[in-house]
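Residue numbers (my numbering), protein chains in the order written: chain A, 131 to 440; chain B, 131 to 440. Glycine residues also receive a C-beta, built at the ideal position from the N, C-alpha and C atoms.
There are 2 protein chains.
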Amino acid sequence: MNEFELIARLTKSLPTNEAVVTGAGDDCAVLDLGVPDKLILFKTDAVVEGVHFTRETPPEKIGRKALARCLSDIAAMAGTPVAALVTIGLPKDFDAGFVAKIYDGLKGVAEQYGVAIVGGETTTNPERILISIALLGTVPRGRLVLRSGAKAGDAIFVTGELGGSLAGRHLDFEPRLAEARWLAEHFTIHAMMDLSDGLAGDLRHIVHASKVGAVLLKTALPVARAAKLRARAGADAKPATLAALTDGEDFELLFTVAGQDAVKLLDGWKKKFPEVKLSCIGKIVAGEGIELRDKSGSQKLNAHGYVHFA
Amino acid sequence: MNEFELIARLTKSLPTNEAVVTGAGDDCAVLDLGVPDKLILFKTDAVVEGVHFTRETPPEKIGRKALARCLSDIAAMAGTPVAALVTIGLPKDFDAGFVAKIYDGLKGVAEQYGVAIVGGETTTNPERILISIALLGTVPRGRLVLRSGAKAGDAIFVTGELGGSLAGRHLDFEPRLAEARWLAEHFTIHAMMDLSDGLAGDLRHIVHASKVGAVLLKTALPVARAAKLRARAGADAKPATLAALTDGEDFELLFTVAGQDAVKLLDGWKKKFPEVKLSCIGKIVAGEGIELRDKSGSQKLNAHGYVHFA
């Protein structure tokens, strides 16, 4: 049983109650706790030594990444983060200075985005450092964007550039909070999520949740320089397009809007966020699955997000 | 640097904002998100294999305990739990059946107390299972009880019996949610917390936060049968009173009320909760520190919660 199968089994028939608007399966859980004009967003995310960072990673960047990942999930719902709890699992022989610097990184990104750190705990995790963040946010009622609203005819957009994130950007990315709020304020965004597993895998979540299919244009994919550099690095290098589709840890926004809004949105974006790339990479279609098209034809992306290149 | 020193260092000058009512240092963080009649409670708590449970612990009880610990913290604020996120760190070779049973335990206690499980994640923690729960709750404005409100002259109460919890009760305890809400509804509770580290250590949090001292009456301490049995078990056994003061994992309520309310509260409690013991164990005094009194005199409890028995 792999991780996805286990999650499917565990999240079947979870207890619910009248406060739940959206439970497991979107970027954040959404709750209605009776705030007149807002819904509550609730998210947890963990990073583990040896999996998401190493002892060689600058500790401030570990802390920064731990919280920024969660902030990116709040962005994916067009929300505003409010307060975080920090759980740190530590070996017995932890280096207090290293842990304090992790916290400095956490505090820095929290201050940058107006998030309060309201506590948490330290616990023992003998073999490695583990940091789990719990984050609360809010979103105005009527502005919430889920993964499930994509419609045939929608244009598919992605912010920034994709692929090669592990060369550095995964530690330094800025969560697209302001961008997502601006989008939800000025346009009817049908579906949105943040890219963490890679475009090919993540877009599958949108098409599954929305019961539609998608066509991507290979030449329209914004391939990051880091992915291109690595593609030239040697015989075992990953093709740059494949990297953009599957590397993951991009923490960019993926969203869809009605085709008729696409040009207006692109124009408005260029004025508002001139330094952040926005690319229209394809369209939502009736049916299911994801096709990747170029001038030589069309290929299916398979269930694990990998395209079979000819 | 030990855990307490590290926490003191990490929690100094944490980022805050206008939503924060109470940050780090109480049983839960308290937020004002604009619900007209309620405040929001926010808590995380983790259990780790080899520390809080073993592979021999029945997995349903591991899941039950993981969530019940957090519920006990919501009880400590006189709140009502609403929704939980579950983070599970798993070794690569995890036993899917074992993990599913942990989840069954989680779901069972969630259903029992009306809590929705709204998602979470699985992540890799190669050497051992780690479960971190993030929990949201609410408390009516004006009913919130903190640790910091104890006043000289208050009577100190504790629910249930203390000590020897590791013999079994730590896996089976019922969080005192209904009891705490009843207390806050019918009486002016000055300070309250749940007992997790042991009475001697936990009461120190109340007297520190409230800038008062306390006197405990040794004969009034409700020593659990499990602690008494273990005290008789052999030469290396812990005296039963010391066990009641320091074993921890009791998950009972510790609270203070004005001395003049004490008799009325005890009478009301006996009618409302005839099956749950409630003991008046001492009083809050001006000054600082905690004294333990019996007919032979008085002893100080030291900073680590251990009393030096003669």
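With a threshold of 16 other CB atoms inside 10 Å of the CB of Glu135/B, please say whether the residue is buried or exposed.
-> Taking the second sequence and counting its residues from 1, the one referred to as residue 135/B is at position 5. Answer is exposed; the Cβ neighbour count stays below 16.
For Ser262/B and Pro211/A, the rounded distance between their alpha carbons | By one-based count along the first sequence, residue 211/A stands at place 81. By one-based count along the second sequence, residue 262/B stands at place 132. Whole-angstrom Cα-Cα distance: 21 Å.
Establish whether the CB of Ser262/A and some CB of chain B are separated by less than 8 Å.
-> Your numbering for residue 262/A matches position 132 in the first sequence. Yes, Ser262/A lies at the interface with chain B (some Cβ there is under 8 Å from its Cβ).
Does DSSP put Glu304/A in a helix, a strand or coil?
-> In the first sequence, the residue the question calls residue 304/A occupies position 174. Of the three classes helix, strand and coil, the one that applies to Glu304/A here is coil, per DSSP.
Taking the Cβ atom as the reference point for each residue, do Ala361/B and Ala370/B lie within a distance shorter than 8 Å?
-> Position 231 of the second sequence, counted from the first residue, corresponds to residue 361/B. Position 240 of the second sequence, counted from the first residue, corresponds to residue 370/B. Their beta carbons are under 8 Å apart, which means Ala361/B touches Ala370/B by this criterion.
Rounded Cβ spacing between Lys195/B and His300/B (contact assumed at less than 8 Å) = Indexing the second sequence from 1 puts residue 195/B at position 65. Indexing the second sequence from 1 puts residue 300/B at position 170. Indeed they touch by this definition, with Cβ atoms about 7 Å apart.
Which runs of the alpha helix (DSSP H), 4 residues or longer, sit entirely within the stretch 341 to 370 of chain A?
-> If only uninterrupted alpha helix (DSSP H) runs of at least 4 residues are considered, those enclosed by the stretch 341 to 370 of chain A are 355 to 361.
Would a check of beta-carbon distances place Leu163/B closer than 8 Å to chain A?
-> Here residue 163/B refers to the residue found at position 33 when the second sequence is read from its first residue. It does: the Cβ of Leu163/B has a partner Cβ on chain A nearer than 8 Å.
Within chain B, the residues that Leu136/A reaches when beta carbons sit closer than 7 Å | Counted from its first residue, the first sequence places residue 136/A at position 6. Residues of chain B passing the Cβ test: Ala226, Val229, Thr252.
Within 7 Å of chain B by C-beta, residues of the stretch 236 to 251 of chain A in sequence order | Lys237, Ala240, Glu241, Gly244, Val245, Ala246, Ile247, Val248, Gly249, Gly250, Glu251
Three-way DSSP call (helix, strand, coil) for Val165/A in this model | Taking the first residue of the first sequence as 1, we reach residue 165/A at position 35. The answer is coil: DSSP assigns Val165/A none of H, G, I, E or B.
DSSP on Val415/A, reduced to helix/strand/coil?
-> On the first sequence, position 285 is the one that residue 415/A refers to. Note: Val415/A maps to strand in three-state DSSP.
Does Gly155/A have its Cβ less than 8 Å from a Cβ in chain B?
-> Position 25 of the first sequence, counted from the first residue, corresponds to residue 155/A. Yes, Gly155/A counts as interfacial toward chain B.
Pairing CB atoms from the stretch 200 to 216 of chain B with CB atoms from the stretch 251 to 265 of chain B, are three or more of them under 8 Å?
-> yes
Give the range of the beta strand (DSSP E) segment to which Asp424/B is assigned.
-> Stepping through the second sequence from its first residue, residue 424/B is reached at position 294. 420 to 424 is the span of the beta strand (DSSP E), which, as asked, contains Asp424/B.
Whole alpha helix (DSSP H) runs in the stretch 172 to 234 of chain B with 4 or more residues, listed along the chain?
-> 189 to 206
Thinking C-beta only, is Gly219/A closer than 8 Å to Leu171/A?
-> In the first sequence, the residue the question calls residue 171/A occupies position 41. In the first sequence, the residue the question calls residue 219/A occupies position 89. No.
In this structure, does DSSP put Ala339/A in helix, strand or coil?
-> For the purposes of this step, residue 339/A is taken as residue 209 along the first sequence, with counting starting at 1. In the structure shown, Ala339/A sits in a helix (DSSP, three-state: H, G or I).
Ala205/A beta carbon less than 8 Å from that of Ala457/A = Past the edges of chain A, shown from 131 to 440, lies residue 457/A, and the structure says nothing about it.
Look at the alpha carbon of Thr141/B and the alpha carbon of Arg273/B, and state the distance between them as a whole number of angstroms.
-> Working through the second sequence from its first residue, we reach residue 141/B at position 11. Working through the second sequence from its first residue, we reach residue 273/B at position 143. For Thr141/B and Arg273/B, the distance between alpha carbons rounds to 26 Å.
Among Ala198/B, Arg423/B, Arg277/B, Leu372/B, which residue has its Cα nearest to the Cα of Val160/B?
-> Locating residue 160/B in the second sequence gives position 30, counting from the first residue. Out of Ala198/B, Arg423/B, Arg277/B, Leu372/B, Arg277/B has the C-alpha closest to the C-alpha of Val160/B.
Applying a beta-carbon distance threshold of less than 8 Å, which residues of chain B neighbour Ala213/A?
-> Numbered from 1 along the first sequence, position 83 holds the residue referred to as residue 213/A. Here the neighbours are Asn147, Ala149, Val150, Ala159, Leu161, Phe172.
Name, please, each residue of chain B whose Cβ falls closer than 7 Å to the Cβ of Asp175/A.
-> For the purposes of this step, residue 175/A is identified with residue 45 of the first sequence, where counting begins at 1. What Asp175/A touches in chain B: Glu251.
Own chain partners of Ala416/B with C-beta closer than 6 Å, once the 5 adjacent residues on each side are dropped | Here the question's residue 416/B lines up with position 286 in the second sequence. Around Ala416/B: Ala282.
For the stretch 296 to 318 of chain B, which residues have a beta carbon sitting closer than 8 Å to at least one beta carbon of chain A?
-> none
Give the DSSP-derived three-state secondary structure of Ile259/A in the structure shown.
-> Taking the first residue of the first sequence as position 1, residue 259/A is located at position 129. Reduced to three states, the DSSP call for Ile259/A is coil.
What is the residue span of the alpha helix (DSSP H) that Ala392/B lies within?
-> Within the second sequence, the letter at position 262 stands for residue 392/B. Bounds of the alpha helix (DSSP H) holding Ala392/B are 392 to 402.
May I have the straight-line CA-CA distance separating Leu307/B from Ser202/B, to the nearest angstrom?
-> Here residue 307/B corresponds to residue number 177 of the second sequence, with the count starting at 1. Here residue 202/B corresponds to residue number 72 of the second sequence, with the count starting at 1. Each residue's Cα considered, the two are about 7 Å apart.
Specify whether the stretch 283 to 299 of chain A and the stretch 379 to 386 of chain A touch according to this definition: at least 3 beta carbon pairs, one from each stretch, less than 8 Å apart.
-> yes
Find out if the Cβ-Cβ distance for the pair Glu257/B, Glu179/A is shorter than 8 Å.
-> Translated into positions along the second sequence, residue 257/B becomes position 127. Translated into positions along the first sequence, residue 179/A becomes position 49. The answer is no: Cβ separation not under 8 Å.
Residue from Ile420/A, Ala330/A, Pro270/A whose Cα sits closest to the Cα of Pro166/A | Residue mapping note: residue 166/A aligns to position 36 of the first sequence, counting from 1. Proximity to Pro166/A across Ile420/A, Ala330/A, Pro270/A peaks at Pro270/A, based on C-alpha coordinates.
Relative to the C-alpha of Val387/A, which residue among Ala240/A, Met323/A, Gly328/A is closest?
-> Walking along the first sequence from the start, residue 387/A turns up at place 257. The option with the nearest alpha carbon to Val387/A is Met323/A.
For chain A, is any of its Cβ atoms less than 8 Å away from the one on Thr371/B?
-> For the purposes of this step, residue 371/B is taken as residue 241 along the second sequence, with counting starting at 1. False, the Cβ-Cβ gap to chain A never drops below 8 Å.
is_contact[Thr210/B, chain A] using C-beta, thresh 8 Å | In the second sequence, residue 210/B corresponds to position 80, counting from 1. By this cut-off, Thr210/B is not an interface position.
For the beta strand (DSSP E) that contains Lys430/A, what are its first and last residues?
-> Reading the first sequence from its first residue, position 300 is the one you call residue 430/A. In the DSSP assignment, Lys430/A falls within the unbroken beta strand (DSSP E) covering 427 to 430.
Quick one: measure Cβ to Cβ for Lys348/A and Leu422/A, integer angstroms, because I've assumed they're closer than 8 Å.
-> Translated into the one-based positions of the first sequence, residue 348/A becomes position 218. Translated into the one-based positions of the first sequence, residue 422/A becomes position 292. Yes, they are in contact, since the Cβ atoms of Lys348/A and Leu422/A sit about 6 Å apart, within 8 Å.
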